[in-house]
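Student: Chains as they are written, first to last, in numbering that gives the first Met the number 0: chain F, 0 to 686; chain V, 0 to 686.
Protein chains: 2
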Amino acid sequence: MLTRLLLIFTLMIEISFINAQEMSKNELQLMPWPQEISLNSSDFSITTDFSIFIHGDVAEDSRIFKSSTRFLRYMTDKSGVFLKEGFPNAANVSAENAGVQIEFEEVAELKMGIDESYRLEVDASGIRLKAKTDIGAMHGLSTLLQLIDVKAGGYVFSGASIKDHPRFVWRGLMMDVARHFMPVDVVKRNIDAMAFVKLNVFHWHLSDDQGFRVETKSLPKLIEMASDGQYYTQAQIKDVVAYADERGIRVVPEFDVPGHGTAFLTAYPELASKQGIEYHLERNAGIFDPTLDPTNDKTYAYLDTLFKEVTPLFPDQYFHIGGDENEGKHWDENPDIQAFMKEQDLKDNHALQTYFNIKLEKILSKYDKVLMGWEEIMTENMPKSALIHSWRGVNEGLAPGQSLTAAVKNGYQTILSNGYYIDLLLSVEDHYMVDPMPAVDLTEEEAARILGGEATMWAELVTPLTVDSRIWPRTAAIAERFWSPQEVRDIDSMFERLETISQMLELIGMQHMRSQSYIFRNIANYQDDDALRILSEISEPYKIYSRNAGGTEYQTYSPFTLFADACTADAKAVRPFQKAVANYMATNDAASKKVILSYLRQWSTIHSRIEDIADKAPLTAPILPYAKKVSEVSILLTVAVDTNTLSKNNMKLFHSIMEVQEDPSLNLDVTLAVADALTSLATYLAK
Amino acid sequence: MLTRLLLIFTLMIEISFINAQEMSKNELQLMPWPQEISLNSSDFSITTDFSIFIHGDVAEDSRIFKSSTRFLRYMTDKSGVFLKEGFPNAANVSAENAGVQIEFEEVAELKMGIDESYRLEVDASGIRLKAKTDIGAMHGLSTLLQLIDVKAGGYVFSGASIKDHPRFVWRGLMMDVARHFMPVDVVKRNIDAMAFVKLNVFHWHLSDDQGFRVETKSLPKLIEMASDGQYYTQAQIKDVVAYADERGIRVVPEFDVPGHGTAFLTAYPELASKQGIEYHLERNAGIFDPTLDPTNDKTYAYLDTLFKEVTPLFPDQYFHIGGDENEGKHWDENPDIQAFMKEQDLKDNHALQTYFNIKLEKILSKYDKVLMGWEEIMTENMPKSALIHSWRGVNEGLAPGQSLTAAVKNGYQTILSNGYYIDLLLSVEDHYMVDPMPAVDLTEEEAARILGGEATMWAELVTPLTVDSRIWPRTAAIAERFWSPQEVRDIDSMFERLETISQMLELIGMQHMRSQSYIFRNIANYQDDDALRILSEISEPYKIYSRNAGGTEYQTYSPFTLFADACTADAKAVRPFQKAVANYMATNDAASKKVILSYLRQWSTIHSRIEDIADKAPLTAPILPYAKKVSEVSILLTVAVDTNTLSKNNMKLFHSIMEVQEDPSLNLDVTLAVADALTSLATYLAK
């Protein structure tokens with residue numbers, strides 16, 4: 000095999016090594032970008048003879064057999080090829096005749112820090128994938144899937160030689176299934192997508208003020224009274240954990256205590272820090288007061304009972320206890336708790352929470368679990384074994400990632416989520432440029448304590464219908480940050496590749512595009528919805544929690560089938576339009592002018608087209624005034640671009656239209672993402 | 000309450016009773032059509048105050064509470080209303096102030112023949128739903144959801160008074176999950192759709208030559224060797240059965256024996272009628288020889304073991320043992336079996352299969368199950384307790400429903416599937432016009448033995464991606480046949496209502512539209528796919544199994560993301576185009592001419608538009624020659640309609656283009672569904 004490989008390398012006609020800086024110029028649409036890659040011009044065609052041979056002793060229920068089979072299905076669906084052999088290692092397939100050869104040394108036991116590296120060689124003569132572990136080989140298959148391209152009218156795998164391994168060992172996605180419950184199939188398809196971009200930790204936020212989501216036989220009221228009937232059975236949890244394991248993904252559960260405790264206290268009010276009030280599942284978003292009583296022995300007994308029952312469901316070593324955003328109001332109000340603190344010499348609420356956390360840490364060690372928690376758990380006496388999850392930043396009045404540096408300097412291992420809060424609906428660019436490694440001096444030992452990061456999908460404003468479009472494709476760029484070399488940070492390249500990855504994610508089963516088109520159909524009440532789609536390409540949902548002012552505009556049962564729910568954080572037409580405007584202003588060129596006019600003319604008709612369907616589509620009512628503004632300024636600027644001038648009066652008119660604010664009671668909740676570009680253009684033309 | 004109702008009736012300004020014949024003229028988009036309905040002009044508006052009050056003692060985990068909650072979510076998603084109270088019987092909701100009042104007498108134990116009737120009264124003052132059972136009330140909620148409409152720019156429930164009950168007690172949908180496995184979420188969403196159109200039996204075809212799909216601990220090889228890892232765990236089956244029960248739907252499992260036995264024999268070849276050959280899961284479609292050996296005692300021991308383990312998973316009284324399409328080839332070939340038949344005085348294979356069935360019937364009675372099977376089980380000595388599933392017809396060289404009449408005359412209860420084979424991809428019209436009650440003289444007693452029918456979704460050519468588009472919306476029309484009065488058979492009305500029901504099914508979660516648009520994106524490789532969509536509106540997939548000639552063109556792992564998979568049985572533009580052509584030929588009117596020209600002009604550009612994307616979309620290659628034909632005849636006829644004449648030469652040209660046959664090796668597998676209309680038009684113009 001080695002000789003054969005060497006021979007092939009010698010014969011290659013055209014090999015180009017690509018470094019990170021050159022990425023944007025190449026045609027490969029890989030994400031995350033590999034550590035080392037060289038291209039060759041020798042592609043491997045996808046034909047009916049395509050087959051996979053896995054070396055060694057391979058059971059049909061092994062990870063590699065199953066992932067290779069999935070690979071074949073994805074490839075078939077994408078390319079439409081009718082394979083002769085639909086399974087790897089089919090009777091007629093051998094090491095001699097198989098197009099794809101897969102070799103690895105060992106089946107990994109899934110845990111943090113296993114070898115995930117792989118080597119992939121693709122040329123016209125064949126595809127060779129080698130890895131230390133089966134997990135590494137599966138990463139290689141994900142890369143191979145991304146190498147599918149069209150050349151000379153046919154589907155091929157692009158010729159390339161790749162040597163790859165992750166930069167960080169902890170590459171996570173958190174899904175909050177408490178604020179809005181996410182059924183098993185939603186979780187599973189997101190795990191598929193994670194595997195596709197080489198993420199390896201699924202952090203499952205399973206309890207919060209709005210619901211407790213795990214069947215717990217020893218504490219049955221948690222689901223009877225605090226789940227609205229929306230929870231995972233233990234069988235489902237085992238199923239999901241096995242599903243993730245088959246894809247090389249660890250599952251870390253989170254049971255958030257002592258704050259975010261409304262669900263817990265709805266079921267067991269006797270554990271509350273404040274007695275004499277009724278607890279009900281929270282329907283709004285926000286930070287709430289209900290908190291477990293850390294001075295009550297029963298609290299620990301109950302948590303021990305809970306942990307004893309749930310820890311066996313989650314084989315991973317880590318167990319997340321939350322610990323965030325406890326403002327301690329009910330502690331302050333409770334004289335018994337105050338007396339206890341005095342008695343125990345606990346100076347403040349931080350000290351009391353440390354007291355609580357240390358007790359939890361002891362319970363969890365009984366069950367062989369390492370405690371992790373949000374950064375608030377990092378207090379003076381917290382054992383150094385705890386993993387600190389850094390999350391606060393500018394929104395919380397702190398320097399971004401401040402706790403990350405503090406943690407490693409204090410001797411804790413840590414992961415970063417500040418900067419990866421995808422529920423903020425910031426541009427993917429903002430997340431992409433955040434690096435888990437802070438720009439401060441760290442010793443080698445300290446730096447090694449930074450294990451990686453996690454994107455966090457908080458679910459106040461997402462439902463099973465929309466969650467995919469909030470996570471993807473954006474999280475692929477974050478996955479690249481966690482996997483690829485630090486110097487891979489060309490934003491144009493990222494945006495370009497993200498477009499293709501978004502398409503591939505649909506092949507993997509993501510619903511982001513399908514759900515969007517459904518929402519348009521629903522708004523239009525099944526009339527022509529094209530104008531809505533065009534409008535969405537320049538509209539972005541309100542960012543940084545401003546959509547849900549005070550956490551009370553939207554309840555858990557509010558509609559999330561509105562225009563804002565179909566819009567995405569990086570509206571599609573914004574960057575091309577901005578670029579055209581910038582070019583036009585710089586060079587006054589005809590090509591840019593043409594692009595600008597083409598956009599403006601399209602936008603000019605939006606309002607009348609939506610008016611045409613409005614009678615039979617009540618959900619267009621809040622959109623109309625906004626569409627009117629968009630069309631009016633577009634008409635104004637079309638004339639201005641055409642005539643190359645904007646009169647003073649028309650500039651005034653432009654501003655007066657742009658200044659019209661949408662009625663917040665309409666809950667339109669989007670901003671015109673080309674507003675700045677339009678203003679620049681108007682200003683330029685009014686010069 | 001009653002007085003109040005009477006008062007309201009007295010006050011009603013405009014009441015119109017609608018009989019079946021008048022349906023097409025009314026605006027209500029109900030399916031199935033109710034037994035009795037009268038309209039009033041007093042609609043109930045959907046506002047933020049909308050609320051539901053359920054009378055009696057209602058637990059949060061009861062069917063009615065859960066279905067009412069789902070109702071609120073559907074209504075919210077559809078209308079965008081921000082409800083003050085997101086749950087029925089919320090703290091502020093009472094019998095006095097609730098918009099919807101629900102009353103029923105008892106919680107039904109789900110079984111055949113329970114009371115499913117309901118009464119629904121909607122006017123501006125409120126909505127009153129009354130039923131004998133909670134299941135009846137849930138049917139009323141489905142009807143109410145279908146009453147949602149837009150009036151005067153706002154969402155309302157249309158004013159109506161409805162008295163309703165089903166015509167047949169058995170209204171089923173069969174899903175084959177053996178040929179292509181359907182994951183739990185696919186099954187669940189189809190159960191939701193079933194409930195929406197008042198179907199009440201989910202027939203789950205769980206084993207066949209291509210796979211065995213149920214975790215069986217006592218016969219573990221069934222899933223280890225004969226499932227490709229694609230099966231339901233017992234926990235998942237319990238979950239699905241509970242899910243169906245919550246929606247008033249019985250689950251009848253089918254384990255197909257003794258034929259269709261390849262999966263069984265792949266696991267346990269010792270039970271085969273033919274020894275000395277290796278059994279492997281079948282990858283093709285068709286009727287195969289592997290058959291369980293009815294002369295082997297072990298066969299019954301194994302089936303007893305299987306039934307003992309699986310019967311508790313399925314609480315319904317009925318248990319389907321298949322029994323179809325056993326051609327007995329391996330029986331004929333086996334001298335031991337022949338000897339056994341002689342010894343037992345079994346004249347032929349039918350007699351041997353009866354011997355087998357009667358043994359099974361005894362085993363199943365041990366587990367309190369009533370045996371049902373496909374019509375082949377109806378042989379001389381079959382106990383009259385067995386339920387006969389009538390399926391054969393013209394395709395099998397028999398008169399349609401012949402066995403149905405035979406069954407009731409022989410004293411068997413029966414259900415009909417002949418005429419409801421939705422996998423044939425016939426027009427919904429064909430299924431709709433088939434009535435379970437045959438047009439022959441039956442005594443009252445005989446007629447009463449006809450329990451209803453089932454649509455059958457065989458899965459040789461469907462996958463989780465496409466199955467919804469094969470079942471829906473068509474099966475809603477079949478559901479109407481099973482539920483509504485026999486005289487409800489206006490085809491225009493059915494087609495019109497089906498369009499709205501199709502949209503509502505998307506609200507319920509069906510993926511038929513979403514998957515179609517995904518397939519277009521995939522074929523176009525994410526370029527402009529509008530021409531593909533237009534072409535699909537006049538193209539229908541090959542019917543009556545001609546798509547998969549000999550059952551060998553498509554394997555289970557073949558691509559089902561092709562153009563034919565995006566096309567549907569009743570292509571959208573066909574009926575309107577046919578009508579326009581018929582009108583035009585009858586009256587030569589300008590309006591019809593305009594419609595025809597508008598279609599033809601659209602079709603004229605299809606080919607060039609697909610050519611524009613072809614370089615980067617290899618999956619368009621098989622479509623192009625077909626698109627060329629379509630565009631060429633459309634151009635030809637555009638000129639002809641414009642000029643009101645078609646020359647002899649052009650008529651020749653028309654025929655020569657139309658006669659071009661697509662290359663079958665391209666697997667395009669669609670027919671031009673407007674071909675006849677085009678030919679009529681051409682002939683008319685050439686007059």
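No residue lacks a Cβ here, since even glycine has one placed at the ideal position from N, Cα and C.
Just so you know, these numbers come straight off a predicted model, no measurement behind them.
Determine whether the beta carbon atoms of residue 392 of chain V and residue 167 of chain V lie at a separation below 8 angstroms.
Tutor: In this structure, residue 167 of chain V does not lie closer than 8 angstroms to residue 392 of chain V by Cβ.
Student: Curious, which full-length beta strand (DSSP E) runs of at least 3 residues does the segment 267-337 of chain V contain?
Tutor: Qualifying beta strand (DSSP E) stretches, in chain order: 317-321.
Student: Taking DSSP's pairing of strands, which residues face residue 206 of chain F in a bridge?
Tutor: Answer is F/211.
Student: Taking the continuous beta strand (DSSP E) assigned at residue 246 of chain F, which residues delimit it?
Tutor: Note, residue 246 of chain F: premise wrong, no beta strand (DSSP E); not H, not E.
Student: Could you pull out every residue in the same chain whose Cβ sits closer than 7 angstroms to the Cβ of residue 49 of chain V, ignoring the five residues on either side in sequence?
Tutor: Counting only Cβ-Cβ distances below 7 angstroms, and skipping sequence neighbours, we find 80, 82 and 98.
Student: According to DSSP, is residue 386 of chain F part of a helix, a strand, or is it coil?
Tutor: In the structure shown, residue 386 of chain F sits in a strand (DSSP, three-state: E or B).
Student: Comparing the C-beta of residue 72 of chain V with each C-beta of chain A, is any distance below 8 angstroms?
Tutor: This model lacks chain A altogether; the protein chains it does include are F and V.
Student: Please tell me whether residue 96 of chain F has its Cβ less than 8 angstroms away from any Cβ of chain V.
Tutor: No, because no Cβ of chain V sits closer than 8 angstroms to the Cβ of residue 96 of chain F.
Student: Could you name the residues of chain V that residue 184 of chain F contacts, counting a contact when the two beta carbons are closer than 8 angstroms?
Tutor: Ordered by position in chain V, the residues that pass the 8 angstroms Cβ test against residue 184 of chain F are 182, 183 and 184.
Student: Do three or more CB pairs link the segment 384-403 of chain V to the segment 416-432 of chain V at distances below 8 angstroms?
Tutor: Output reads yes: the segment 416-432 of chain V touches the segment 384-403 of chain V.
Student: Got a sec: is the Cβ-Cβ distance from residue 521 of chain V to anything in chain F below 8 angstroms?
Tutor: It does; some Cβ of chain F falls within 8 angstroms.
Student: Could you round the C-beta distance between residue 323 of chain F and residue 395 of chain F to whole angstroms and report it? I think they count as a contact, below 8 angstroms.
Tutor: Actually they do not touch by this definition, with Cβ atoms about 10 angstroms apart.
Student: Roughly how many angstroms lie between the CA atoms of residue 307 of chain F and residue 204 of chain F, to the nearest whole one?
Tutor: Cα to Cα, the separation comes out at about 18 angstroms.
Student: Could you tell me the boundaries of the beta strand (DSSP E) in which residue 126 of chain V lies?
Tutor: Residues 125-132.
Student: Quick one: is residue 543 of chain V buried, meaning 16 or more other Cβ sit within 10 Å of its Cβ, or exposed?
Tutor: Classification of residue 543 of chain V: exposed, given that the 10 Å Cβ count is below 16.
Student: One question on the structure: do residue 500 of chain V and residue 193 of chain V come within less than 8 angstroms of each other, judged by their Cβ atoms?
Tutor: Taking 8 angstroms as the Cβ cut-off, residue 500 of chain V and residue 193 of chain V do not qualify as a contacting pair.
Student: Helix, strand or coil: how does DSSP classify residue 1 of chain F here?
Tutor: Because residue 1 of chain F sits at a pLDDT of 39, beneath the cut-off of 50, its placement in the model cannot be relied upon, and the following sentence gives the value as read from the coordinates. Reduced to three states, the DSSP call for residue 1 of chain F is helix.
Student: Helix or strand or just coil, what does DSSP make of residue 118 of chain F?
Tutor: In this structure, residue 118 of chain F counts as strand in the three-state DSSP scheme.
Student: Checking the sheet assignment: what are the DSSP bridge partners for residue 176 of chain F?
Tutor: Beta-bridge pairing links residue 176 of chain F to no other residue.
Student: Would you tell me roughly how many angstroms separate the C-alpha atoms of residue 87 of chain V and residue 127 of chain V, rounded to the nearest one?
Tutor: Their backbone Cα atoms lie some 14 angstroms apart in a straight line.
Student: Contact defined as beta carbons within less than 8 angstroms: I believe residue 121 of chain F pairs with residue 140 of chain F. What is the distance between those atoms, to the nearest angstrom?
Tutor: At roughly 12 angstroms, the Cβ-Cβ gap does not stay under 8 angstroms, so residue 121 of chain F and residue 140 of chain F are not in contact.
Student: Could you pull out every unbroken beta strand (DSSP E) segment of at least 3 residues lying fully inside the segment 72-119 of chain F, listed in chain order?
Tutor: Taking only runs of at least 3 residues, the beta strand (DSSP E) segments lying wholly in the segment 72-119 of chain F are 99-105.
Student: Just to make sure I have the definition right: I need the residues of chain F whose C-beta is within less than 9 angstroms of the C-beta of residue 687 of chain V. Which are they?
Tutor: Outside the modelled stretch of chain V, which goes from 0 to 686, sits residue 687 of chain V, for which no answer is possible.
Student: Name the two residues that bound the continuous beta strand (DSSP E) containing residue 554 of chain F.
Tutor: Careful: residue 554 of chain F lies outside any beta strand (DSSP E) and carries neither H nor E.
Student: In angstroms with no decimal places, state the Cα-to-Cα distance between residue 215 of chain F and residue 516 of chain V.
Tutor: Cα to Cα, residue 215 of chain F sits roughly 41 angstroms from residue 516 of chain V.
Student: Going along chain F, which residues have a C-beta under 7 angstroms from residue 152 of chain V?
Tutor: Going along chain F in sequence order, the residues near residue 152 of chain V (Cβ under 7 angstroms) are 614 and 617.
Student: Closest to residue 624 of chain V by CA distance: which of V/586, V/664 and V/372 is it?
Tutor: Checked all of V/586, V/664 and V/372; the closest Cα to residue 624 of chain V is V/664.
Student: Using only alpha-carbon positions, find the residue among V/457, V/46 and V/227 that is nearest to residue 202 of chain V.
Tutor: Comparing Cα positions, the closest option is V/457.
Student: The beta strand (DSSP E) spanning residue 540 of chain V covers which residue range?
Tutor: Start and end: 538-540.
Student: Consider the Cβ of residue 274 of chain V: report whether some Cβ of chain F lies at a distance smaller than 8 angstroms.
Tutor: No - not a single Cβ of chain F is within 8 angstroms of the one on residue 274 of chain V.
Student: Got a sec: is the Cβ-Cβ distance from residue 287 of chain V to anything in chain F below 8 angstroms?
Tutor: Not an interface residue.
Student: For residue 170 of chain V, which residues in chain F fall below 9 angstroms Cβ to Cβ?
Tutor: Here the premise fails: no neighbours, minimum Cβ distance about 27 angstroms.
Student: Put residue 32 of chain F into one of helix, strand or coil per three-state DSSP.
Tutor: If DSSP states are grouped into helix, strand and coil, residue 32 of chain F belongs with coil.
Student: What is the rounded straight-line gap between the Cα of residue 288 of chain F and the Cα of residue 541 of chain F?
Tutor: The alpha-carbon atoms of residue 288 of chain F and residue 541 of chain F are separated by roughly 27 angstroms.
Student: Measure the CB-CB distance between residue 352 of chain V and residue 325 of chain V and report whether it falls below 8 angstroms.
Tutor: Yes, the Cβ-Cβ distance between residue 352 of chain V and residue 325 of chain V is below 8 angstroms.
Student: Tell me which residues of the segment 507-518 of chain F have at least one Cβ-Cβ distance to chain V shorter than 8 angstroms, keeping chain order.
Tutor: For the segment 507-518 of chain F, which is checked against every Cβ of chain V, the residues closer than 8 angstroms are 510, 512, 513, 514, 516 and 517.
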